[in-house]
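Going from the sequence shown to the working numbering is simple: count from 1 and add 129. Just so it is clear, CB atoms sit at the ideal spot from N, CA and C, and this is done for glycine as well. To start, the structure under review is shown below, and the notes come after it.
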Amino acid sequence: MRLSRFFLPILREAPREAEIVSHRLMLRAGMMRQQAAGIYSFLPLGLRVLKKIEQIVREEQNRCGAIELLMPTIQSADLWRESGRYEAYGKEMLRIEDRHEREMLYGPTNEEMITDIFRSYVRSYKDLPRNLYHIQWKFRDEVRPRFGLMRGREFLMKDAYSFDVDEAGARHSYNKMFVAYLRTFARLGLKSIPMRAESGPIGGDMSHEFIILASTGESEVYCHKDYLDFPVPDADVNFDDINGLQGIVDKWTSHYAATSEMHDAAAFGALAADKQVSARGIEVGHIFYFGTKYSEPMKAVVSGPDGVEKPVHMGSYGIGPSRLVAAIIEASHDDAGIKWPEAVAPFRVSILNLKQGDSATDAACEGLYRDLIAKGVDVLYDDTDQRAGGKFATADLIGVPWQVLVGPKGLAAGTFEVKKRADGSRENLSPAATLDRLSR
Numbered sequence: 130m131r132l133s134r135f136f137l138p139i140l141r142e143a144p145r146e147a148e149i150v151s152h153r154l155m156l157r158a159g160m161m162r163q164q165a166a167g168i169y170s171f172l173p174l175g176l177r178v179l180k181k182i183e184q185i186v187r188e189e190q191n192r193c194g195a196i197e198l199l200m201p202t203i204q205s206a207d208l209w210r211e212s213g214r215y216e217a218y219g220k221e222m223l224r225i226e227d228r229h230e231r232e233m234l235y236g237p238t239n240e241e242m243i244t245d246i247f248r249s250y251v252r253s254y255k256d257l258p259r260n261l262y263h264i265q266w267k268f269r270d271e272v273r274p275r276f277g278l279m280r281g282r283e284f285l286m287k288d289a290y291s292f293d294v295d296e297a298g299a300r301h302s303y304n305k306m307f308v309a310y311l312r313t314f315a316r317l318g319l320k321s322i323p324m325r326a327e328s329g330p331i332g333g334d335m336s337h338e339f340i341i342l343a344s345t346g347e348s349e350v351y352c353h354k355d356y357l358d359f360p361v362p363d364a365d366v367n368f369d370d371i372n373g374l375q376g377i378v379d380k381w382t383s384h385y386a387a388t389s390e391m392h393d394a395a396a397f398g399a400l401a402a403d404k405q406v407s408a409r410g411i412e413v414g415h416i417f418y419f420g421t422k423y424s425e426p427m428k429a430v431v432s433g434p435d436g437v438e439k440p441v442h443m444g445s446y447g448i449g450p451s452r453l454v455a456a457i458i459e460a461s462h463d464d465a466g467i468k469w470p471e472a473v474a475p476f477r478v479s480i481l482n483l484k485q486g487d488s489a490t491d492a493a494c495e496g497l498y499r500d501l502i503a504k505g506v507d508v509l510y511d512d513t514d515q516r517a518g519g520k521f522a523t524a525d526l527i528g529v530p531w532q533v534l535v536g537p538k539g540l541a542a543g544t545f546e547v548k549k550r551a552d553g554s555r556e557n558l559s560p561a562a563t564l565d566r567l568s569r
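Here it is as structure tokens:
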């Protein structure tokens with residue numbers, strides 16, 4: 130993509146309403162625009178990141194055996210009355226009447242609708258287990274939306290729902306998602322730590338929040354230092370291996386890890402001083418087993434081997450791709466701008482023509498641009514007539530992982546200057562070596 134043809138409305142100053150780093154940088158980098166309180170348009174640069182995050186989430190859901198569908202944003206109030214949540218949910222739910230005066234709502238979540246879909250088609254234990262997921266926009270009318278995408282009203286959500294005959298089956302489904310989440314966040318360039326979360330009236334130990342450590346995190350979290358070095362399961366992990374998955378989950382829950390709400394100061398204090406990690410954290414995912422909370426009132430039952438009908442056991446599993454855009458920035462930035470992990474970067478390489486209009490630099494940039502595209506590399510070519518300093522600032526702000534600086538001095542020596550955004554390291558490489566390095 131040529132920058133001269135791309136829509137990238139850079140702001141030199143952060144708007145006053147932006148209180149946290151990710152909000153400031155997303156507005157400055159031309160990734161999004163606020164349309165109303167807590168509601169944003171994703172501009173082209175931001176959308177490229179969002180789509181890459183969404184695809185990684187999808188791939189790991191598919192890998193663990195979940196099946197994708199798509200449910201609507203607008204739901205019938207009748208379904209929520211069946212579960213007993215319509216009146217209890219509160220003002221966060223946006224309630225709507227259609228032209229026929231039927232009560233509807235803009236979905237904040239999908240437990241009722243997925244249960245209705247399931248009960249309409251599944252009758253026998255032989256058709257279980259099942260895990261159905263979708264990636265869809267949600268709306269919750271936050272009383273005080275703030276912090277950009279970290280606490281917005283409209284957001285993109287991956288929510289999955291598992292259905293099992295009994296609690297033992299539900300635990301295996303839960304473990305599948307637990308491991309899938311570890312892999313998902315690792316692929317996004319994040320180190321996530323599963324922390325025990327409040328299970329509510331259901332009880333038990335099957336609820337975890339996945340937390341990433343970031344100095345600008347929402348709340349204080351506490352964990353054992355060894356979690357920072359635990360290896361994430363490989364791509365060939367066997368999701369059908371009940372004992373193997375349980376072993377992975379057991380390892381990742383073997384040490385102390387708690388959010389401020391679940392913190393036990395005495396248990397944390399019992400850890401060796403050099404193993405105590407107290408830091409700020411951001412929640413990036415939540416998995417939860419809720420048994421028959423929805424299947425009982427909504428009559429989602431299956432017949433067992435003995436012919437007796439029983440309500441299915443369910444779990445829900447959420448990841449917010451739109452929120453992850455902000456969370457990744459919170460975890461990976463510096464004073465100059467964003468540092469995207471390569472897996473989610475809007476472009477992998479940015480070519481900076483330091484003397485636009487010069488025949489030699491123009492030709493060198495055009496050649497490298499064509500060659501990288503031919504190799505399948507996502508590349509942004511800054512072919513604008515902006516001064517070099519402005520090009521450097523833009524490239525650092527938008528956080529493209531690799532920058533190639535092409536100017537008369539380097540060309541005279543037969544080299545391009547290649548900069549790695551993550552650590553600022555630079556090296557001079559020949560055009561052939563540059564192409565090889567950036568297309569690996």
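Which residues DSSP lists as bridging residue i, in chain order
i, result
"L481", "D511, L534"
"D288", "H263, G447"
"P440", "V430"
"I168", "A165"
"Y351", "A387, S407"
"D293", "H442"
"D463", "G466"
"L223", "Y235"
"P323", "F339"
"R280", "R275"
"D458", "A small correction: the amino acid at residue 458 is Ile; Asp does not occupy that position in the sequence shown. The partner list for I458 (beta bridge, DSSP) is empty, contrary to what the question assumes."
"S253", "S432"
"E556", "V547"
"F268", "E283"
Through-space distance from residue j to residue i, alpha-carbon basis
i, j, result
"G332", "R153", "Interpretation of G332 is limited by its pLDDT of 48, a score under 50 that renders its predicted location unreliable; the figure taken from the coordinates is listed afterwards. Straight-line Cα distance between these residues: approximately 40 Å."
"A465", "A522", "7 Å"
"R259", "R275", "37 Å"
"A492", "L483", "12 Å"
"K320", "L357", "7 Å"
"L509", "L132", "6 Å"
"C352", "L140", "38 Å"
"L400", "W381", "17 Å"
"S249", "M242", "11 Å"
"I149", "V473", "21 Å"
"I246", "A166", "33 Å"
"L223", "L234", "6 Å"
"I480", "C494", "7 Å"
"S554", "V547", "8 Å"
"D295", "L564", "55 Å"
"R252", "R228", "35 Å"
"G392", "Y385", "The amino acid at residue 392 is misidentified as Gly; the sequence shows His. Between H392 and Y385, the C-alpha separation is close to 9 Å."
"V361", "D487", "49 Å"
"L567", "V478", "7 Å"
"F171", "P138", "12 Å"
"I411", "G496", "43 Å"
"F397", "E347", "20 Å"
"V413", "K538", "45 Å"
"E183", "H263", "11 Å"
"R550", "G519", "16 Å"
"A364", "T313", "10 Å"
"A318", "E438", "The sequence shown places Gly at residue 318, rather than the Ala named in the question. For G318 and E438, the distance between alpha carbons rounds to 45 Å."
"T345", "T544", "39 Å"
"T513", "E142", "21 Å"
Residue i, enclosing alpha helix (DSSP H) - first and last residue
i, result
"H229", "That residue, H229, is in no alpha helix (DSSP H); it is neither H nor E in DSSP."
"E241", "240–250"
"L564", "560–567"
"K504", "Taken as a continuous stretch (DSSP letters only), K504 belongs to no alpha helix (DSSP H), as it is neither H nor E."
"L526", "517–527"
Residue range of the unbroken beta strand (DSSP E) whose run includes residue i
i, result
"L208", "First-last for L208: 206–212, but that is the alpha helix (DSSP H), not the beta strand (DSSP E)."
"K549", "545–549"
Quiz prompt | Every unbroken alpha helix (DSSP H) within the segment 353–431, with a cutoff of 4 residues, ordered by chain | solution = Fully enclosed alpha helix (DSSP H) runs of 4 or longer: 371–381, 394–398.
Exercise. Could you tell me whether the segment 146–164 touches the segment 515–529, where touching means 3 or more Cβ pairs closer than 8 Å?
Key: As far as the Cβ criterion goes, the segment 146–164 touches the segment 515–529, which means the pair count is three or higher.
Quiz item: Do the segment 334–341 and the segment 313–324 meet, that is, are 3 or more Cβ pairs less than 8 Å apart?
Solution: Touching, yes, given that three or more Cβ pairs across the two stretches are closer than 8 Å.
Self-check item: Ranges of the alpha helix (DSSP H) found wholly within the segment 130–200, counting only runs of at least 4
Solution: Contiguous alpha helix (DSSP H) elements confined to the segment 130–200 occur at 150–157, 173–192, taking only those with 4 or more residues.
Practice problem: Mind the definition here: the segment 447–464 touches the segment 172–185 only if three or more C-beta pairs lie below 8 Å; say whether that holds. | Solution: Verdict: yes, contact present.
Quiz item: Quick one: any contact between the segment 180–199 and the segment 436–450, if contact means 3 or more CB pairs under 8 Å?
Solution: Between the segment 180–199 and the segment 436–450, the count of C-beta pairs closer than 8 Å reaches three or more; the two stretches touch.
Quiz prompt | Meets three-Cβ-pair contact criterion under 8 Å: the segment 426–433 and the segment 271–291 | solution = By the Cβ criterion, the segment 426–433 is not in contact with the segment 271–291, since fewer than three pairs of Cβ atoms, one from each stretch, lie closer than 8 Å.
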